[in-house]
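K.L.:
In case it helps, mature numbering (1 follows the signal peptide of the UniProt record, and there is no 0) puts the sequence shown at residues -29 to -1, 1 to 307.
The beta carbon of each residue, even a glycine, is placed where N, CA and C say it ideally should be.
Just so it is clear, the structure is predicted and the values come from calculations on it, not from any experiment.
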Amino acid sequence: MRRLRSLSVAAVALAVVFGGGATAQAASAAPPAVHHAAHGHALPGATSVPVRNLQHFSHLLNARHQLVPANQTSTNWAGYAANGATFSTVTSSWVEPQVSCNSDGIAAFWIGLDGWGSQSVEQDGTGVDCSSGSPQPFAWWETYPDNSVQEYGDPVSPGDSLTSTVTARSDGQYELALTDSSQGWTEDNVVAAPSGAQNASAEVVAEAVTSGSSVTALPDFGSIEFTGSTIDGGTLQAANAQAIDMTDSSGSVIASTGADDNSGDFTVTYGGGSGNGGNPPPAGCGGLAAWSATSSYAPGAQVSYNGDKWTATWYSTGAAPGAAGSWAAWKQSGTC
């Protein structure tokens, strides 16, 4: 989960509570358990055992703001995001994917407001943590910067049917609603607006989560289909939402976003598809892709530029290595 510009470097202690093999059940078997939380820092269902250190979940690393035929690219997001207006609500549903832990990273699937070009984000969803070597799903919410990632104490299992709605209320608060109809629970969380909230973007996203100051290696989630996605009650197209492919530091697509069918249904696929309109990443040197003004970079990303190798020290898009003012984002790490 991430924003457009920069990410805070302060790590968040995220609590971990896992379903522990809970068996999925049909939504009709029993009415969902609804948990309400007034604005605050932790829900009654959240724990505070520091198991893993994560940064807040959601700032897009991407700079192009116009609608373009080819998918945009980001080093941590795949899905759809809209900006350039003020938004009040976003919703989508998905089936929790079966994740194969081919890496020790963390994948997250979420719905949210802000996070693209703003210093705040209001979001909730699910995640799968592979840091132990086996997939451990969890449900969470966040209103950064005031409330870092908080975990719900509810079970989540692969195959569960989930729906999330994030709403900016007229009273200035945010309502974060997350339902797992398979497990029979709903979290309806009302929180105060975080500092800097603008409602300037709306997103439906699969993310490679940041831990410490680096984006974790995206685990293999196969594919996830988001369905019934709407922004302010309308279609993604009506909101000018833009498709985003996730790329690694070399420019290779690691999660591709399919076309929206105008009913809010689209699929994000691990390791498939092609960004940049099907074109390969620009030629580089020393085995590194060339720096691109339209790509987004996270700390640790490596590129080549003007015959030199560069390593990203901060989140940036459009800041050319070695250019005036880019010293805070890039460090020269050798020649090709």
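1. Could you tell me which of A49, R140, A260 sits nearest to A272, measuring between CA atoms?
2. Taking Cβ to Cβ, would you say S153 is nearer than 8 Å to G130?
3. In this structure, how does DSSP classify G293 when only helix, strand and coil are distinguished?
4. Can you list, in chain order, the residues of its chain whose CB lies under 7 Å from that of N233, leaving out five sequence neighbours each side?
5. Please identify the residue among N47, A110, S102 whose C-alpha is closest to the C-alpha of D95.
6. Report yes or no: do three or more beta-carbon pairs, one from the segment 178 to 191 and one from the segment 53 to 62, lie closer than 8 Å?
7. Apart from the five residues on each side of it in sequence, which residues of its chain come closer than 6 Å, Cβ to Cβ, to V99?
8. For Q303, is the classification buried or exposed, using 16 other Cβ atoms within 10 angstroms of its Cβ as the cut-off for buried?
9. Expressed to the nearest angstrom, what Euclidean distance is found between the alpha-carbon atoms of R140 and T114?
10. Would you mind reading off the limits of the beta strand (DSSP E) that contains V70?
11. Based on DSSP bridge pairs, tell me the residues matched to I195.
12. Cβ atoms of W65 and L133: under 8 Å apart, would you say?
13. If you compare alpha carbons, which of G76, C72, T97, T157 is closest to G83?
14. Would you identify the three-state DSSP class for E146, choosing helix, strand or coil?
15. Excluding sequence positions up to five away, which residues of its chain have a Cβ less than 7 Å from the Cβ of C72?
16. Tell me whether the beta-carbon of I215 lies closer than 8 Å to the beta-carbon of F80.
17. Give me the Cα-Cα distance between W262 and P126, rounded to the nearest whole angstrom.
18. Using 8 Å as the threshold, is the C-beta distance between E178 and Y145 below it?
19. Measuring alpha carbon to alpha carbon, tell me which residue in G193, A173, G183 is nearest N211.
20. Nearest-angstrom Cα distance between A269 and S182?
21. Going by DSSP in three states, N54 sits in which element: helix, strand or coil?
22. Which of helix, strand or coil does DSSP assign to D75?
23. Using the DSSP secondary-structure output, state which residues sit across from P108 in a beta bridge.
24. Write down the C-beta distance between T240 and A230 rounded to the nearest angstrom, noting that I regard them as a contact closer than 8 Å.
25. Can you tell me whether V20 is buried or exposed, with buried defined as 16 or more other CB within 10 angstroms of its CB?
26. May I have the straight-line CA-CA distance separating D85 from T265, to the nearest angstrom?
27. Skipping 5 residues on each side, what residues in its chain have a beta carbon closer than 8 Å to that of G204?
28. Nearer than 7 Å: is that true of the beta carbon of V161 relative to any heavy atom of the ligand GDP?
29. Can you say whether P292 is buried or exposed, counting buried as having 16 or more other CB atoms within 10 angstroms of its CB?
30. Would DSSP call Q303 helix, strand or coil?
31. Starting from S63, follow its DSSP beta bridges and name the residues at the other end.
P.N.:
In terms of the structure at hand:
1. A260
2. yes
3. coil
4. T206, Q208
5. A110
6. no
7. V70, A78, P106, P108
8. exposed
9. 14 Å
10. Element bounds for V70: n/a, residue is neither H nor E.
11. V239
12. yes
13. T97
14. strand
15. C101, G104, S105, P106, P190
16. no
17. 42 Å
18. no
19. A173
20. 12 Å
21. strand
22. coil
23. V99
24. Incorrect: roughly 12 Å between the Cβ atoms, too far for contact.
25. Because V20 sits at a pLDDT of 25, beneath the cut-off of 50, its placement in the model cannot be relied upon, and the point is left open.
26. 21 Å
27. T60
28. Among the ligands in the structure shown, none appear at all, so the ligand GDP cannot be discussed.
29. buried
30. strand
31. S135
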